[in-house]
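Data block below; observations after.
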Amino acid sequence: MEYNFREVEKRWQAFWAENKTFRAEDRSSKPKYYVLDMFPYPSGSGLHVGHPLGYIASDIFARYKRLKGYNVLHPMGYDSFGLPAEQYAIQTGQHPEITTKTNIARYREQLDKIGFSFDWDREVRTSNPDYYKWTQWIFIQLFNSWYNPETDKAENISTLIEKLRSNTLSFGEGRGEAFSSLSEKEQSDLLLEHRLAYLSDTMVNWCPQLGTVLANEEVKDGVSERGGYPVERKLMKQWSMRITAYADRLLKDLDGIDWTESIKEAQRNWIGKSEGTSLKFKLQSSAEVIEVFTTRPDTIFGVSFVTLAPEHELVSQLTTPQQKTTVDEYILFAKNRSERERMADVKKISGVFTGAYVLHPFTGKQIPIWIGDYVLAGYGTGAVMAVPGHDSRDYAFAKHFDLPIIEVVTGGDLSKEAYDAKEGKLINSDFLNGLEVKAAVKKAIAVIEEKSLGKGKTNFRLRDAVFGRQRYWGEPIPVYYENGIPKVLDENELPLVLPEVDKYLPTETGEPPLARATNWKYKPKSPFEGGKGDDAYAYEHSTMPGWAGSSWYFLRYMDAHNRKEFVSKEAVDYWQNVDLYIGGAEHATGHLLYVRFWTKFLNDLGLIPVIEPAKKLINQGMIQGVSSFVYRIENSNKFVSIGLKKDFETTALHVDVNIVNNNTLDIDAFKNWREEYKDAEFILEDGKYICGSEVEKMSKSKWNVVSPDLMVEQYGADCLRLYEMFLGPLELSKPWNTNGISGVSNFIRKLWRLYQKDETFSVSNEAATKPELKALYKTIKKIIHDIENFSFNTSVSSFMICVNELTDLKCNKREILEPLAIIIAPYAPHLAEELWKNLGHTETITYAAFPECIESYLVESTFSYPVSFNGKTRFFQEYDLSLNKEQIEKEVLTLEQTQKYLDGKAPKKVIVVHNKIINIVV
RNA sequence: GCGGAUGUGGCGUAAUGGCAGCCGCGCCAGACUUAGGAUCUGGUGCCGAGAGGCGUGGGGGUUCGAGUCCCUUCAUCCGCACCA
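First residue of the first sequence: 225, per the numbering used here; consecutive thereafter.
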């Protein structure tokens, strides 16, 4: 009886759904294990074969853990707010909610076909009001919190107000003297400078085409990540998240989590901690000072000019009348350059002299002040002390404008380039002379601090995250404005539901789409209810960014239906955090940083017991598409096969990979593919049309998308699962090809046949032989090792070896085949369930016990030693494993073969490695 | 520029410092056959008739022994980047 995967897979999928087989228990005596996939954005084009790669791996792991006796939480949901649905809505007028629902339904259907063991009762959708109510609630907690540097954690804003009132603030600029006497608006403004969710005038990445601001992570090479539109810098009143308060903890806690080194490094880079010193330079002409930040205070005597960012606040004040026109022109020039232009000519040096001077803090010498756009306004103090001898950017600037270059550290050749290395001895440096760089840095800081010229300081590259989006399809920010003062809603007023609008575009006056909503105003309580009963107040019109909902979803799965809390204490105390998180590496500095930030914040408030969202993270590689091309001869409807195309002027056109087999075009299918090709003519080679191919990102527009549905239809879900794992190491990116899938398909049939006798299902109850037991237990050992090391490709290969061996042994015994069904169940669950049932079990295989590895079946009494001479293996000799090294050495030297290879010479040394190898050195 | 990764047959890949190429695809030969893109058997790194030699991007080193460890260099991919 052949294995009918279509019938079997459908039947078991129905069984699992009906019996809620994969439901995680909230209370259990079993140890817990939480396996999470990064939830998908439900796009209109459905899943392609790349999506399931990570899901299959996590599903295997989840199923394995269930067999190992764990209470496994393995949920799935949808990150369903986002730009594509909104873009589509703008084009078609279709409400994003409708397209989102349709897309989700399609995703669900596709996911179900692959046989994932998700606990669907816990599904979450970020665009669902029951969900975003709590996203808004967390926003309110962030608004109501500030970061107390003394306790090094977030606290309720009331503790700050208390400090301001009692004038006991021991840090900051001491602006709280008369807090109580400030107006409500002034108090609000002051508090906004401390709240973790705050409103401020911020330089934002503004994308005119998308009509919204973007976070730094959403801008790549000066253009928007989505759409690729130009992005410019613009000052706007914006909601932001004070993630910088957590910079140090986000950095430090990386050491405690088992994430890939590349992700951790990307985050370290992004946070960009740098330790140095602030240093004040007094202006020559006034009492004002320019403060700079430097990591090389040791080079202080090498300063030959000071450079300010064009946006620096002192620029207009210190520029001399003679230089004013030049400087103003330069500032205008710098301002109008888009980010993209600035990045494009990083190498081009531009700047102007202000005409003003500062005094060197130690020598008192005059130092010219320049303006240059290589200095960034947003980093440090927006001003640098230029040491052209030992900083390559200062060097380039000095060379370009012919400014002096002073050598203060030995070791370089300043006529050629700057010497940036942090080694060498200090020269021309007064009290630092003769010191090594490291010692000089220490000494310089000490002297600077002693003379109150500045102090040790840490800077981060990390910026606060802009949180508002001028978009429709996102969570409304639960804020209204009362006389210009932002106020958050009460918890019982949540969710603030996304209102209906007539169009999904900004208003004519450039307001976000939410400004189109009619009657969408905050109505305060009437005087009868104890309120003031004034006018209705305007709500905030921007919405939250895509990463808001995904920054805490891992918590919601623990308690998905809780109507009173975002997650109950009981649930989070039990489930803690994610044990295994699998997803793409593209979220390294976006989602994965924000989710860590919110986790730490919620922990500070005592709402959850963990400081990190996931203990272990694995990034699956990307599956790329292999595009196929046909070559159309210019001005014709004639296509030439790739081998002959050099004789013609041709245009390469993408062709649907589904009508190309092994680079050979299905000509009839091509003619039917599109009306315009109905009468196409072809120039063939060897009677075939051969297409060209190229590896590209899998995308609809490149016609290289392979949907998992087709694979499932043709080979079955188990085959797809095994094959995707068999492709190679999980972390590796690879182009999709189905060249090897027949091997996996054959393997499944071969495995099925092991359980058959005379064309029907039948296993024997005879006792297994030693070689049979060895074949099985060797595999069990390997599979346990492989799964626990996430080496799924090698485990598929081990299954193949095992089935090959058992086939050779003609093994048909229950003692072997029953455990075999269990160990393969995580990989090929449908097949395993069917075998399990046929073996006479009435329960699902999901909770069977994973077999222990019994080492005694693997013990051998002899070993066939490779005997090598000078490292080259010459022959094999079997010895009893009870023999010790000396005995083997003695034995092996008496062999005729050995004598032959020794060729009369005396062995210099004989190395015997027990159970491994014999090496004779001549 | 900084950081991370990866280089092994025709292809995807495998090898706790111990026989390089497991497993699979492809290919070659054969068996069976109601001629199928089924199934089964054998072969398949390169050079060589053979004995044998050479082989894990290149060059050094450590070691009895290196794909694996160290140094160096090249190539490809990814992330960050006038961050003082």
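Just so you know, even glycine gets a beta-carbon here, dropped at the ideal spot from N, CA and C.
Assuming residue i and residue j form a contact by the criterion Cβ under 8 Å, report the distance between their Cβ atoms to the nearest whole angstrom.
i: L532; j: V428; result: With 8 Å as the limit, L532 and V428 do not qualify as a contact, their Cβ atoms being about 22 Å apart.
i: E955; j: G845; result: 5 Å
i: D1104; j: T1086; result: 5 Å
i: E699; j: T359; result: 5 Å
i: A421; j: I524; result: In fact, because the Cβ distance is near 40 Å, the residues do not count as touching under 8 Å.
i: A1045; j: L1063; result: 7 Å
i: Y818; j: W771; result: 5 Å
i: P737; j: L729; result: 6 Å
Going by C-alpha distance, which of the options is nearest residue i?
i: P299; options: L271, D261, P995; result: D261
i: R230; options: L934, G830, R1038; result: L934
i: G496; options: S304, F853, D472; result: D472
i: L423; options: G708, V296, E233; result: G708
i: L908; options: V1020, A739, I891; result: I891
i: Y1081; options: E996, Y1089, G1095, I1011; result: E996
i: T544; options: F577, F525, I573, L434; result: F577
i: K461; options: T484, L416, Q433; result: L416
i: V936; options: F906, P959, A1052, N989; result: A1052
i: Y913; options: R898, L951, A812, Y855; result: Y855
i: Q980; options: A1049, G916, P730, E1058; result: E1058
i: A580; options: V539, N859, R617; result: V539
i: G911; options: W430, G867, E537, E226; result: G867
i: L1126; options: N1108, N1094, W1060; result: N1094
i: E735; options: Y763, T550, R617, S917; result: Y763
i: D626; options: F529, G588, Y705, D552; result: F529
i: V791; options: P628, Y355, T501, T875; result: Y355
i: I972; options: T984, T1018, S986, N1028; result: N1028
i: Y288; options: I1007, K1109, S1088; result: I1007
i: T675; options: E456, V632, F505; result: Here the sequence assigns Lys to residue 675, which means Thr is not the residue at that position. Selected option, being the one with the closest Cα: F505.
i: A329; options: V455, N380, L271, T813; result: L271
i: A238; options: E333, E1110, S404; result: E333
i: H614; options: L816, W799, V296, I629; result: I629
i: Y746; options: I1141, A558, I701, T984; result: I701
i: A809; options: F778, K488, D726; result: K488
Tell me, which residues are paired with residue i by DSSP?
i: I595; result: L532, V576
i: F505; result: I514
i: M465; result: A421, A689
i: V884; result: L889
i: K912; result: E909
i: W430; result: V437, E456
i: Q980; result: F985
i: A876; result: Y855
i: Y761; result: Y746
i: S653; result: DSSP output for S653 lists no bridge partner at all.
i: K497; result: F684
i: Y258; result: L297
i: L841; result: Y805
Segments of 4+ residues assigned as alpha helix (DSSP H) that fall wholly inside the segment 989–1060
994–1012, 1016–1032, 1038–1048, all fully within the segment 989–1060.
If we count Cβ pairs, one from each stretch, closer than 8 Å, do we get three or more for the segment 711–719 versus the segment 675–688?
Segments in contact, no.
Mind listing, in chain order, the continuous alpha helix (DSSP H) runs of no fewer than 4 residues lying wholly within the segment 318–346?
If we require 4 residues or more, the alpha helix (DSSP H) runs fully inside the segment 318–346 come out as 320–337.
Three-pair Cβ contact test at 8 Å for the segment 997–1015 versus the segment 1059–1079
The answer is yes - the segment 1059–1079 touches the segment 997–1015, with three or more Cβ pairs under 8 Å.
Would you check if the segment 480–492 and the segment 634–645 touch, i.e. whether three or more CB-CB distances between them fall below 8 Å?
Output reads no: the segment 480–492 does not touch the segment 634–645.
Between the segment 510–521 and the segment 607–616, do at least 3 Cβ pairs fall closer than 8 Å?
In short, these stretches touch, since the Cβ pair count reaches three.
Can you list the beta strand (DSSP E) stretches of 3 or more residues lying completely in the segment 265–297, in chain order?
Correct list: 295–297.
Cβ contact check for the segment 366–374 and the segment 317–326: 3 or more pairs under 8 Å
No, because fewer than three Cβ pairs between the segment 366–374 and the segment 317–326 fall closer than 8 Å, the two stretches do not touch.
Output the residue ranges of the beta strand (DSSP E) runs that lie fully inside the segment 591–645 and measure 3 residues or longer, sorted by chain position.
Counting only runs of 3 or more, we get 607–610.
Please go through the segment 363–417 and give each complete alpha helix (DSSP H) segment of 4 or more residues, from N-terminal end onward.
Those alpha helix (DSSP H) runs which fall completely within the segment 363–417 and span 4+ residues are 381–389, 408–416.
Determine, using beta-carbon pairs with one atom in the segment 242–254 and one in the segment 337–347, whether at least three such pairs fall under 8 Å.
Segments in contact, yes.
With a threshold of 8 Å, are at least 3 pairs of Cβ atoms found where one atom belongs to the segment 650–662 and the other to the segment 403–413?
Output reads no: the segment 403–413 does not touch the segment 650–662.
Three CB pairs or more closer than 8 Å across the segment 957–967 and the segment 282–302:
Counting Cβ pairs under 8 Å, fewer than three are found: no touch.
Touching by the beta-carbon criterion (3+ pairs, under 8 Å), the segment 330–341 and the segment 939–947:
Touching, yes.
Quick test of the definition: if touching needs 3 or more C-beta pairs under 8 Å, does the segment 920–933 touch the segment 867–883?
Judged by Cβ distances under 8 Å, the segment 920–933 makes contact with the segment 867–883, as three or more pairs qualify.
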